[in-house]
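S.K.: Encoded as structure tokens, here's the structure I'll be asking about.
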Amino acid sequence: MTQEPSVEEARFDALIAADSRVEPRDWMPDAYRRTLIRQISQHAHSEIIGMQPEGNWITRAPSLKRKAILMAKVQDEAGHGLYLYSAAQTLGITRDEMTDQLIAGTAKYSSIFNYPTPTWADMGAIGWLVDGAAICNQVPLCRASYGPYGRAMVRICKEESFHQRQGFEILLTLMQGTPAQREMAQDAVNRWYWPSLMMFGPPDDQSPNSAQSTAWKIKRFSNDELRQRFIGMLVPQAAALRIELPDPNLRWNEDAQRYDTSEIDWTEFFEVLAGRGPMNAERLRARREAHEDGAWVRDAAAEYARKQSLRAVA
Ligand SMILES: [Fe+2]
Ligand SMILES: [Fe+2]
């Protein structure tokens, strides 16, 4: 005999069915809460760790204008991290807990940020491919059933489109430059293309949590659907750039109405995910160091808040 849903459960189910938003004050199943905490905090960590590969180039940007743009972009990523940490906090986890999980190495973040950025063209390839993939992933999240997450995504997506365009423009400039500059742009795209396809996660038949997230209307499209949508966006843009996407088997399949591609090398993905990527240890070391170096700022802010509250009482 199946148990009757409680009044609260029935209300939650009705909210989801009606495509309404679940808010922090609403009752929600524990598993829904846990899934969101995991997803939103991983997403926040990705934004924060994602500042590093590009932050690396701020001091070496080729002009004042490029430096200003890159700095604005990296600051946006810090902002994304903060909105998302705040959204996760509404579910009952503290910022300190999330930070501890990140610097202890027990929390995950997007594997894409564990690759190095050896040339200026990497700034172009990251903006075009990594921020481009982020947009494809995140636009549907603007309608995620959990209110604070969906609302954070609306603003984030607007900024991501700027990031993607600035990456495209860096590559466009390089592609109109000298042979060495064109080669540098092509090399960066060759290195970032496959990892950016992996950002959508494993193929649908190997993605165990997807069905539940779809039922809860956190996820709206499958990993493979989003990956296809991304490739469809890249193909005409690559043609405009006159840059090659490094997949000899990439072609439109008219019958299947989808792109055929080469097999993705998932062993590499799982290696990087398991912490054995080229930059995993370095990213965590830098994050831990920044956290320790920032201790005095947190202490000062806490002391200021304490004095303000005393004044409010007086
Ligand atoms: Fe971002
Ligand atoms: Fe971005």
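To convert, count from 1 in the sequence shown and add 208; that's the working numbering.
All C-beta atoms, glycine included, are put in the ideal place defined by N, C-alpha and C.
Small disclaimer: the values here were computed from a predicted structure and weren't measured.
Only counting the same chain, and skipping five residues up and downstream in sequence, which positions put a Cβ closer than 8 Å to that of residue 500?
M.R.: Counting only Cβ-Cβ distances below 8 Å, and skipping sequence neighbours, we find nothing.
S.K.: If we count the other Cβ atoms within 10 Å of its Cβ and call it buried at 16 or more, is residue 271 buried or exposed?
M.R.: Per the 10 Å Cβ criterion, exposed.
S.K.: Quick one: is the Cβ of residue 263 within less than 8 Å of any heavy atom of ligand 2?
M.R.: Not under cutoff, so the answer is no.
S.K.: Looking at C-alpha atoms only, which residue of 328, 329, 409, 441 is the closest neighbour of residue 427?
M.R.: For the residues 328, 329, 409, 441, the minimum Cα distance to residue 427 belongs to 409.
S.K.: Which whole runs of the alpha helix (DSSP H) in the region 225–295 are 4 residues long or more, in chain order?
M.R.: Within the region 225–295, the complete alpha helix (DSSP H) runs of at least 4 residues are 238–257, 259–263.
S.K.: What does a CB cutoff of less than 7 Å around residue 228 pick up in its chain, not counting 5 residues either side in sequence?
M.R.: Same-chain partners within the cutoff: there are none.
S.K.: Starting from residue 455, follow the alpha helix (DSSP H) in both directions and report where the run begins and ends.
M.R.: Segment: none, residue 455 is in no alpha helix (DSSP H) and carries neither H nor E.
S.K.: Please report the residue range of the alpha helix (DSSP H) in which residue 400 lies.
M.R.: It spans 387–406 - the alpha helix (DSSP H) in which residue 400 sits, taken as one unbroken run.
S.K.: Can you name the residues that DSSP bridges to residue 512?
M.R.: According to DSSP, which records beta bridges pairwise, residue 512 is partnered with nothing at all.
S.K.: Shortest alpha-carbon distance to residue 355 belongs to which of 299, 436, 505?
M.R.: Cα-wise, what sits closest to residue 355 is 299.
S.K.: Would the beta-carbon of residue 287 be found less than 8 Å away from any heavy atom of ligand 2?
M.R.: No, ligand 2 has no heavy atom inside 8 Å of this Cβ.
S.K.: Between the C-alpha atoms of residue 474 and residue 320, what's the straight-line distance to the nearest angstrom?
M.R.: Distance between the alpha carbons of residue 474 and residue 320 is about 13 Å.
S.K.: Per DSSP, what kind of secondary structure is residue 468 in: helix, strand or coil?
M.R.: Reduced to three states, the DSSP call for residue 468 is strand.
S.K.: Starting from residue 431, trace the beta strand (DSSP E) in both directions and tell me its first and last residue.
M.R.: Where residue 431 is concerned, there is no enclosing beta strand (DSSP E), although the alpha helix (DSSP H) it sits in stretches over 431–449.
S.K.: Contact defined as beta carbons within less than 8 Å: I believe residue 332 pairs with residue 301. What is the distance between those atoms, to the nearest angstrom?
M.R.: Not really, about 36 Å apart at Cβ, beyond 8 Å.
S.K.: Please report the residue range of the alpha helix (DSSP H) in which residue 359 lies.
M.R.: Counting along the chain, the alpha helix (DSSP H) containing residue 359 begins and ends at 355–383.
S.K.: Does the separation of the CB atoms of residue 436 and residue 466 fall below 9 Å?
M.R.: Cβ atoms of residue 436 and residue 466: closer than 9 Å.
S.K.: Kindly indicate the opening and closing residues of the beta strand (DSSP E) around residue 424.
M.R.: Counting along the chain, residue 424 falls outside any beta strand (DSSP E), and DSSP gives it neither H nor E.
S.K.: Is residue 336 helix, strand or coil by DSSP?
M.R.: In this structure, residue 336 counts as helix in the three-state DSSP scheme.
S.K.: Looking at ligand 1, does it come within less than 8 Å of residue 277, judged from the CB to the closest heavy atom?
M.R.: Checking every heavy atom of ligand 1 against the Cβ of residue 277, none is found closer than 8 Å.
S.K.: Count Cβ pairs between the region 379–387 and the region 338–356 that sit closer than 8 Å; are there 3 or more?
M.R.: Verdict: no, contact absent.
S.K.: Between which two residues does the alpha helix (DSSP H) harbouring residue 474 extend?
M.R.: Note, residue 474: alpha helix (DSSP H), 474–479.
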